[in-house]
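Numbering (full-length UniProt numbering), first residue to last: 1 to 957.
Don't be surprised by glycine CBs; every beta carbon is placed ideally from N, CA and C.
For clarity, every value in this text was computed on a predicted model and none was experimentally measured.
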């Protein structure tokens, strides 16, 4: 840990002088039976006047471990800790320790101290006349200076733990660094140079800064202790995993000797892999996902859950699942579960009606039941299967969605065939009974056939119930697979795709997948059954009378042609209707989002009128498509009796006497069932027609390739080295050049500012550097690696980016700062301190838990600081700011600049307010898409007529 020791103390080599100067102030601490001394109060100075006081940090909210910080010797003074940080300071006095509690206000009150007990104080400097006495007594601080304390006083203040250690710092236990300070000087954090210690005693402002520094002390102590606790937790977890591995190997050896536990058929090839990755790989394979090799190494500050880290590396979305009740009897898909005692991951796979816990390292499979369900934590992780990177046609999308549903498809097929077979008994039995048994008055066969039809009806109903239950399960499986996959593809698309389409239209198109799934899953079994029944009855028609069957087929072809024409007619208007509704949804979304601006401009009536026109047009299209549907239903109701009439006319005319009464009854019943099947197919056609325009709307999302492909390389841990070589870029093939042969280099830790007039290409350059746009020519290199060949999402995860006009997401302030990362509220508050937002958060009604519903809930400056805190919480190695401080005052801007400097990150800042860039190491001046001037700000400002000089002069005037 690169830091000085996290204590702020006034340490005196000449302890007697300090005690002589300040030892009579305050009140002594009663040590009778005192084993520990809480050092409360920021406005209190604790002075050790004898012996020694050991200094510890303890949790302020609950009892816990004492963390040793150091020892304060005689003459040491310590300001009390402030409220806010998690830990506070506690002293443990030695046997001969004497401590005084001095309120800080006594240091400035002349009446609080009389050096000689006479009411008059000798002036050793003789600055007052008449015998060297003054009428106004000095303050204790002035008296301390008079006694020469400043010549023997050393003052040490803590520096941020992420700051660099001074060269003279000395290492101590627990990776702490002590910083010796020579007598007569002051060192105030890593960013302040040494100055005279006497200035501290006579300068009240400097002394108050020492008190204010105590909050940073508490924050630094919190970070130091949390780092040690995390290291201890990592060591403990590693020990648990090692013990689990040893136990697993022992269990494997025992089971192999007695043969009592079932193993995998094949020996596991993952026994040498990382245990977590082996479990994730097994679950991913069961879900139909190919998991890449695990990433080699990770950043030490990466505290993401290992399962989430592996999923992020594989670009797989995850979902947290709660295991409640009899969860082992409900199929929720392959899951990554956790052992209750050790927290070790385990694969939970569905097999034969319940879950099995699989250990890929040993190959053991244990069925989960009520007796051992408590051995697993009530949480698990589900993997969402992403769409392939290639463009998706409707056929590919259907194949993707039904993968893993072979069992359900088999049940549907069996139920459908049985139902169709039983349904075929109806025309056969009708002809046999009415054509044979009834004329001969044979009652017994009639009763037998009636009972057989009743039994077949009951069996058909049971299979229909099985079919419907299977269909419900299949719909749930399709919904949980298809909808997340489409949204995942949408979120992985390049930013150029979103620039061409509106938000509302994209949302409506993506949600249309759910409507398409419902329609298709609803009509598919019906259409399949109707087709099978129709084919069987058509075979019966051909069997009983080929000539009449051909006539019926000809009529049905004509009817089918009419219905096909109606369907194509409906597609034409349905496509317009879907486009109109998507635009209307987008217009409503944009209107609600811009409602404050509409009210400022008093344009609510115009917005309503625009929406009303779109809504009226949509209703007109609804009516057109409704009329076509009504006409289709009318034809559907008319053609059935017309076809039956045609059959009767043929039997009364050309086909007279060609079949018996029983055969005719069977033929006529088959015709009726065939027409019913055709009606069902017609309704299915109408539904499919309505789906086609929806698929056309979502097709651009499925055709667009993702931003990051499967073959993209991982960037590793970035050092902050960034280079751009000969970048050329234009918006559109025929557009003018926005960037023309731009090259730059940012070294690790360097602060580079980019300035220039509006439209010169500054923001476009930033978009190319973070991969939002692809250059026409040239390359962007991170640590010498071409960004085009890297996983750009992994690169951005190591960068902090604040774009112009960025808006926070809805939620609490804490959620806006940390996002989905596992940062603590204390770390979020530290990021707020770095961005100058901490004081605003403390004044909010619920602090970090204050809800932010939109950008209107906070001011522009607070919004910018919130976005900066979001970028800084991960302590990135590279920072990109595009007008990120334009709404901040100079003082807050200074806080942000100082905070980002202490991160030692590479920084590229785009700014129009030129005061922002004066602290930069280098300034790049752009004009007409080129870098026309660069260098240190002071050097460029010293050039009369230079580009930067002219920009500053124009801005000042």
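Nearest-angstrom beta carbon gap, residue j and residue i [assumed within contact, 8 Å]
i: residue 286; j: residue 349; result: 5 Å
i: residue 887; j: residue 864; result: 5 Å
i: residue 279; j: residue 345; result: 4 Å
i: residue 556; j: residue 678; result: 6 Å
i: residue 933; j: residue 946; result: 6 Å
i: residue 713; j: residue 791; result: 7 Å
i: residue 24; j: residue 45; result: Not really, about 13 Å apart at Cβ, beyond 8 Å.
Span of the alpha helix (DSSP H) around residue i
i: residue 934; result: Careful: residue 934 lies outside any alpha helix (DSSP H), inside the beta strand (DSSP E) at 930-935.
i: residue 950; result: 947-956
i: residue 678; result: 661-703
i: residue 541; result: 503-544
i: residue 763; result: 762-769
i: residue 306; result: 306-313
i: residue 401; result: 394-401
i: residue 799; result: Where residue 799 is concerned, there is no enclosing alpha helix (DSSP H), although the beta strand (DSSP E) it sits in stretches over 799-802.
i: residue 869; result: 860-872
i: residue 1016; result: With the chain running from 1 to 957 in the structure shown, residue 1016 is simply not present.
Segment limits, beta strand (DSSP E) that includes residue i
i: residue 615; result: First-last for residue 615: 604-652, but that is the alpha helix (DSSP H), not the beta strand (DSSP E).
i: residue 599; result: No beta strand (DSSP E) holds residue 599; the alpha helix (DSSP H) holding it covers 595-600.
i: residue 494; result: Per DSSP, residue 494 belongs to no beta strand (DSSP E) and is neither H nor E.
i: residue 345; result: 345-351
i: residue 833; result: Where residue 833 is concerned, there is no enclosing beta strand (DSSP E), although the alpha helix (DSSP H) it sits in stretches over 825-834.
i: residue 73; result: Here residue 73 belongs to no beta strand (DSSP E), and DSSP marks it neither H nor E.
i: residue 926; result: 922-927
Residue environment, residue i, which counts as buried when at least 16 other CB atoms sit within 10 Å
i: residue 547; result: exposed
i: residue 645; result: exposed
i: residue 508; result: buried
i: residue 399; result: exposed
i: residue 668; result: buried
i: residue 383; result: buried
i: residue 512; result: buried
i: residue 915; result: exposed
i: residue 953; result: exposed
i: residue 782; result: buried
i: residue 19; result: buried
i: residue 805; result: exposed
i: residue 543; result: exposed
i: residue 260; result: The predicted position of residue 260 is uncertain, since its pLDDT is 41 and thus under 50; no value can be drawn from it.
i: residue 951; result: buried
i: residue 703; result: exposed
i: residue 376; result: buried
i: residue 75; result: buried
Which residues DSSP lists as bridging residue i, in chain order
i: residue 88; result: 58
i: residue 906; result: 878
i: residue 67; result: 57
i: residue 580; result: Residue 580 pairs with nothing; no bridge assigned.
i: residue 359; result: 364
i: residue 777; result: 728
i: residue 785; result: 782
i: residue 318; result: 383
i: residue 46; result: 78, 101
i: residue 883; result: Note: residue 883 sits in no beta bridge, so no partner.
CB contact check: residue i to chain D, cutoff 8 Å
i: residue 543; result: The structure shown contains no chain D; it holds only a single protein chain.
Residue i CB to nearest heavy atom of the ligand MG below 7 Å
i: residue 548; result: Here there are no bound small molecules, and the ligand MG is not part of this structure.
Inset, instruction - Would you check if there are 3 or more beta carbon pairs closer than 8 Å linking the segment 725-733 to the segment 764-784? - result: yes
Legend entry - Cβ pair count under 8 Å reaching 3, the segment 515-529 against the segment 576-587: no
Inset, instruction - Decide if the segment 639-654 is in contact with the segment 533-542; the criterion is three or more beta carbon pairs, one per stretch, under 8 Å apart. - result: no
Legend entry - Validate contact between the segment 794-803 and the segment 875-894 using beta carbons, cut 8 Å, 3 pairs: yes
Legend entry - contact_flag[the segment 606-616, the segment 656-663] where n(CB pairs < 8 Å) is 3 or more: no
Inset, instruction - Could you tell me whether the segment 898-912 touches the segment 746-754, using the rule of 3 or more Cβ pairs below 8 Å? - result: yes
Legend entry - Contact between the segment 92-100 and the segment 45-63 (3+ Cβ pairs under 8 Å): yes
Inset, instruction - Could you say if the segment 678-688 and the segment 561-580 meet the contact criterion of at least three C-beta pairs nearer than 8 Å? - result: yes
Inset, instruction - Could you say if the segment 331-339 and the segment 349-367 meet the contact criterion of at least three C-beta pairs nearer than 8 Å? - result: yes
Legend entry - Meets three-Cβ-pair contact criterion under 8 Å: the segment 729-745 and the segment 915-931: yes
Inset, instruction - Say whether the segment 366-381 touches the segment 314-333, bearing in mind that this needs 3 or more beta-carbon pairs closer than 8 Å, one atom from each stretch. - result: yes
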